[in-house]
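Sequential numbering of the sequence shown, starting at 62, is according to the numbering used here. Think of the CB as a built atom: it goes at the ideal place given N, C-alpha and C, for glycine as much as any other residue. This report refers to the structure that appears directly beneath it.
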Amino acid sequence: MPCTVIVGGFFGDEGKGKIASYLAIKDKLDLAVRTGSVNAGHTVAWKNRKYKLRIIPSAFIHEKCRLLIGAGANLNVSIFLKEVKETNSEKRVGIDFQTSIIEEKHIKEDRGDEHLSKKIGTTGQGVGPAIAERVRRKAKLARDIEELKPYLTDVALEVNQALNLGKKVLIEGTQGTYLSLYHGTYPYVTGRDTTASAICSEVGIGPKKVDDVLIVFKAYVTRVGAGPLPNELSPEEADKRGWTEIATVTGRRRRVAPFNFQLAKRAIMINSATQIALTKLDIVYPECKGARSYNELSPKAKKFIEEIESKLKVPVTLIGTGEEVHDIIDLRMEKLEK
Ligand code: IMP
Ligand code: MG
62 MPCTVIVGGF FGDEGKGKIA SYLAIKDKLD LAVRTGSVNA GHTVAWKNRK
112 YKLRIIPSAF IHEKCRLLIG AGANLNVSIF LKEVKETNSE KRVGIDFQTS
162 IIEEKHIKED RGDEHLSKKI GTTGQGVGPA IAERVRRKAK LARDIEELKP
212 YLTDVALEVN QALNLGKKVL IEGTQGTYLS LYHGTYPYVT GRDTTASAIC
262 SEVGIGPKKV DDVLIVFKAY VTRVGAGPLP NELSPEEADK RGWTEIATVT
312 GRRRRVAPFN FQLAKRAIMI NSATQIALTK LDIVYPECKG ARSYNELSPK
362 AKKFIEEIES KLKVPVTLIG TGEEVHDIID LRMEKLEK
């Protein structure tokens with residue numbers, strides 16, 4: 062803080078939604094910006110409810126937080142309106158004038174195209190074709206849509222002004238480093254660069270405005286759709302370990318592999334990460350479930366965290382130990398000299 066960028070370190074689904082929502086409440090964020098699009102589902106478990114957000118920032122649980130969607134994002138109007146209702150955020154949500162729009166034809170194209178739907182295994186949400194249309198300079202933008210008029214704003218200006226006033230801003234990235242169009246496992250990637258610099262660019266802030274890049278790693282690696290996954294476990298082995306997950310947006314079974322130090326190291330380099338948030342530690346070490354202080358962790362779990370810090374040379378400042386927003390060990394005060 063005051064300006065933190067959250068980025069996924071593997072193939073998405075690292076638990077960014079949980080981390081963003083915790084920071085919103087804990088740090089009393091003033092403003093949060095969502096990037097990317099509706100192909101990414103962020104899960105937030107809050108007050109006995111589970112939200113599966115695809116466009117509204119996960120920081121919505123802090124009721125004073127202004128919620129924005131960046132110019133580089135791609136919006137599906139009906140999903141946006143549904144989530145505004147669900148999160149009761151009507152009065153505090155804003156969309157950049159230039160956010161581009163996913164239309165029905167893009168969804169059809171995504172699902173009907175053999176290469177995209179079969180070979181790459183896209184989420185079928187129309188995001189790639191909508192971005193392609195934008196590149197052809199024929200896309201509809203938020204400013205062209207009547208229903209969005211009440212929400213339109215200049216996101217770059219709002220964010221930069223907030224930062225100049227010393228307000229607390231969170232930039233929520235989506236997906237993960239290895240799904241990046243530039244740095245991922247091409248062609249098995251998404252339609253945009255998912256790394257920290259691109260996240261800032263989608264919002265309209267320069268690199269000098271960022272104080273912290275918080276990279277989120279899950280305690281194991283998952284991937285949905287096609288493409289390489291080093292040391293992939295068989296579905297039986299994943300089940301046996303209790304690491305099997307079902308994708309938020311598509312309902313597909315996620316492929317699973319153990320934590321990958323090599324991928325993590327490179328992701329830290331590409332994103333210039335300053336802190337690590339490690340999620341789902343309790344899935345790998347069930348005895349740690351619900352722990353809220355480091356001392357409650359088992360020796361094995363502590364050893365894993367020490368190994369991460371010694372190999373990756375970045376402090377693990379947040380550790381997720383359960384689904385609920387407050388199931389977290391927050392070591393920022395101890396580990397960061399500020
Ligand atoms: P697209 O983004 O729908 O074009 O899909 C391209 C690839 O990225 C596919 O392998 C998807 O499964 C994957 N993908 C896209 N968004 C996410 C996400 O939020 N989490 C995990 N995988 C994703
Ligand atoms: Mg997800």
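Inset, instruction - Determine the burial state of residue 346: buried for a count of at least 16 other Cβ atoms within 10 Å of its Cβ, exposed for fewer. - result: For this step, residue 346 is matched to residue 285 along the sequence shown. That one is buried.
Inset, instruction - Say whether the stretch 176–187 touches the stretch 148–157, bearing in mind that this needs 3 or more beta-carbon pairs closer than 8 Å, one atom from each stretch. - result: no
Legend entry - Complete runs of the beta strand (DSSP E) confined to the stretch 287–321 [at least 3 residues]: 316–319
Inset, instruction - Inspect the beta-carbon positions of residue 336 and residue 388 and report whether they are closer than 7 Å. - result: Here residue 336 refers to the residue found at position 275 when the sequence shown is read from its first residue. Here residue 388 refers to the residue found at position 327 when the sequence shown is read from its first residue. Going by C-beta atoms, residue 336 is not nearer than 7 Å to residue 388.
Legend entry - Contact set for residue 142: own chain, Cβ-Cβ below 8 Å, skip 5 residues either direction: Counting from one through the sequence shown, the residue named residue 142 turns up at place 81. Cβ neighbours of residue 142 beyond the five flanking positions: 208.
Inset, instruction - Report the partner residues of residue 95 according to the DSSP bridge assignment. - result: Start at 1 with the first residue of the sequence shown, and residue 95 comes out as number 34. DSSP output for residue 95 lists 130, 233 as bridge partner(s).
Inset, instruction - Since I believe residue 97 is in contact with residue 236 (beta carbons under 8 Å), could you give me their beta-carbon distance rounded to a whole number of angstroms? - result: Your numbering for residue 236 matches position 175 in the sequence shown. Your numbering for residue 97 matches position 36 in the sequence shown. At roughly 6 Å, the Cβ-Cβ gap stays under 8 Å, so residue 236 and residue 97 are in contact.
Inset, instruction - Measure the Cβ-Cβ separation of residue 189 and residue 246 and say whether it is below 7 Å. - result: Position 128 of the sequence shown, counted from the start, is the residue given in the question as residue 189. Position 185 of the sequence shown, counted from the start, is the residue given in the question as residue 246. No, the pair does not count as a contact, with Cβ atoms beyond the cut-off.
Inset, instruction - Say yes only if the C-beta of residue 74 is nearer than 6 Å to one or more non-hydrogen atoms of the ligand MG, and no if none qualify. - result: Here residue 74 refers to the residue found at position 13 of the sequence shown. Under cutoff, so the answer is yes.
Legend entry - residue 340 versus 124, 66, 386, 258, residue with shortest Cα-Cα distance: Taking the sequence shown and counting its residues from 1, one reaches residue 340 at position 279. Nearest C-alpha to residue 340: 386.
Inset, instruction - Take every Cβ of the stretch 190–204, pair it with every Cβ of the stretch 162–178, and state whether three or more of those distances are shorter than 8 Å. - result: yes
Inset, instruction - Return yes when at least one heavy atom of the ligand IMP lies under 6 Å from the C-beta of residue 240, else no. - result: For the purposes of this step, residue 240 is taken as the residue at position 179 of the sequence shown. Yes, since a heavy atom of the ligand IMP falls inside the 6 Å radius drawn around the Cβ of residue 240.
Inset, instruction - Would you kindly report the start and end of the unbroken alpha helix (DSSP H) that includes residue 279? - result: Indexing the sequence shown from 1 puts residue 279 at position 218. Here residue 279 belongs to no alpha helix (DSSP H); instead the beta strand (DSSP E) covers 273–279.
Legend entry - Reduced DSSP category for residue 148 - H, G, I as helix; E, B as strand; rest coil: Mapped onto the sequence shown, residue 148 falls at position 87. In this structure, residue 148 counts as helix in the three-state DSSP scheme.
Inset, instruction - Alpha carbon to alpha carbon, how far is residue 256 from residue 70? Give it in angstroms, no decimals. - result: As a first step, residue 70 must be located in the sequence shown, where it is residue number 9. As a first step, residue 256 must be located in the sequence shown, where it is residue number 195. Cα to Cα, the separation comes out at about 9 Å.
Inset, instruction - Report all residues from its chain with a CB closer than 7 Å to the CB of residue 260; omit the five preceding and five following residues, and keep chain order. - result: Locating residue 260 in the sequence shown gives position 199, where the first residue counts as 1. Contacts found: 66, 68, 96, 232, 234.
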